[in-house]
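Per the numbering used here, residue 4 is the first one in the sequence shown, and the count goes up by one each step.
Even for Gly, the Cβ is constructed at its ideal location relative to N, Cα and C.
First up is the structure itself, then whatever we jot down about it.
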Amino acid sequence: MLGWIIFGAVLLIWLLLSVRRVGPTELGVKVIMGSPVAYCKSGPHFVPCFFRWNYLIRVSSGQYKVAIPPVQAYTKATKVGEGYGSQPLTVDSTVYLSFPRDGRLIEVVRAKVPTTEEELSEYLKDAVREAVRIAVGKHVWKTATQNLKKIKDEADRIFHDPESPLVKAGFKEGEFRLVIEEVRVPAKLEALMSQPEEERFKSRAMEHTTDTQAEQTMGLVMKLRAKARGKTPEEIQREIDSDSQLRKEVYQFGDKLTERLIAYIYNARTEVGVDGAEGFDKSLLQAIALFKKLSGGGFPQQPGEREKKEEEGNFPLDDKEKDALKDWGIFR
């Protein structure tokens, strides 16, 4: 008799320990011998107690808000003179997710999808990174920063690809979405964006043009030096190649000339001085002065500005002056 009493008591304890409850705001999956076998709604459920092999997995029936680590994504490069090239943007995003309220939850658990927001963040970060980078990479920086909805929709569409980990795990449309919360631009670009539009245009165009202008200016230096000494540019180049000191002086002078030409092209406030210069220097400075006269201030002018420049003597060059500049390689 005592043995039956003990057996009954042990059985009762086992039965009590085998009863698991799914709360009113929870969903559950019964796991037997390590394998998910049944979807459990709110209420009590029998899960045979057998060490750690049988248990009940519970998830919230509400919506999860999963913060994803910031992603750095590069925009599509813009054309020269129209933007700043490819830019690294920092993108903050969040995944909103609700677990299936039917038997598909078994497949989700079987796919080992985490059930806490912290673990979900780690689980989803690679898929989010890929979606964000592809979406941002299709657009220039201006679109990515000023038309956030376009980037959001594109990233969310990619995130719903059939190869997405959530889709493969059994989630359906409407049960999860990727939301881009904020797009942050580099500090340098942000500073430029705070400038008036005209100043931004000049700044970015200057950046793209300086290297090309330097190359053209060195060609001008070669031609003017050849003209001053009655030799061909090729002969002058050979002299420079064979004399390291001369080469250093010529290229330093070319750098200075480049700075002056760039200043005039972009309406900088640098003045050209010819008085007091002699020989080769004077020829170069005269060429710059003519170039300034030709450029008339560089970019398209405001109404009335052209008339003002004409009053100041900045008339277009005549044919003879143009021919001279063509000979020097600074006018085509």
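Distance, Glu166 Cα to Lys191 Cα: In this structure, the alpha-carbon of Lys191 lies about 37 Å from that of Glu166.
Burial state of Gln248 (16 or more Cβ within 10 Å): Classified as exposed, Gln248 has fewer than 16 neighbouring CB atoms from the shown chains inside 10 Å of its CB.
Where Leu5 falls, given that 16 or more other Cβ within 10 Å makes a residue buried: Counting the other Cβ atoms within 10 Å of the Cβ of Leu5 gives fewer than 16, which makes it exposed.
Nearest to Trp56 (by Cα), restricted to the options Pro73, Val34, Val69 and Gln75: Between Trp56 and the set Pro73, Val34, Val69 and Gln75, the nearest pair of CA atoms involves Val34.
Delimiting residues of the beta strand (DSSP E) encompassing Arg61: If you look at Arg61, you'll find it in the beta strand (DSSP E) that goes Tyr58 to Ser63.
Buried/exposed call for Trp144, threshold 16 Cβ in 10 Å: When all chains shown are included, Trp144 counts as buried.
DSSP state of Phe174 mapped onto helix, strand, coil: Of the three classes helix, strand and coil, the one that applies to Phe174 here is coil, per DSSP.
Buried versus exposed, by CB contacts within 10 Å (16 or more), Phe54: So Phe54 counts as exposed.
Burial state of Thr78 (16 or more Cβ within 10 Å): The residue in question, Thr78, is buried, as its Cβ has 16 or more Cβ neighbours within 10 Å.
C-alpha gap between Pro91 and Ser101, whole angstroms: Between Pro91 and Ser101, the C-alpha separation is close to 32 Å.
Bounding residues of the alpha helix (DSSP H) (the contiguous stretch that carries Phe162): Phe162 -> alpha helix (DSSP H) spans Leu151 to Phe162.
Close Cβ partners of Arg187 (< 6 Å) along its chain, the five nearest in sequence each way excluded: Thr93.
For Glu29 and Val50, believed in contact at Cβ under 8 Å, the rounded distance: By a beta-carbon distance limit of 8 Å, Val50 does not contact Glu29. Their separation comes to about 14 Å.
7 Å Cβ cutoff met for Cys43 and Gly31: The answer is yes: Cβ separation under 7 Å.
Buried or exposed by the 16-neighbour rule on C-beta atoms within 10 Å, applied to Val40: Exposed, since its Cβ has fewer than 16 Cβ neighbours within 10 Å.
Beta-carbon spacing of Ala70, Thr97 below 7 Å: Closer than 7 Å, so yes.
Straight-line gap, Asp156 to His48 (C-alpha atoms, nearest Å): Each residue's Cα considered, the two are about 41 Å apart.
Classification of Leu20 by the beta-carbon crowding that lies within 10 angstroms, buried from 16 upward: Burial call: exposed.
Helix, strand or coil at Asp95 according to DSSP, with G and I counted as helix: Note: Asp95 maps to strand in three-state DSSP.
Classification of Ile9 by the beta-carbon crowding that lies within 10 angstroms, buried from 16 upward: By the neighbour-count criterion, in which 16 or more other beta carbons inside 10 Å mark a residue as buried, Ile9 falls on the exposed side.
For Ala70, three-class secondary structure by DSSP: Under the three-state reduction of DSSP output, Ala70 falls in the strand class.
Residue range of the alpha helix (DSSP H) that includes Lys33: That residue, Lys33, is in no alpha helix (DSSP H); its beta strand (DSSP E) goes Glu29 to Ile35.
Distance between beta carbons of Tyr126 and Val116, contact taken as under 8 Å: Right, their Cβ atoms sit about 7 Å apart.
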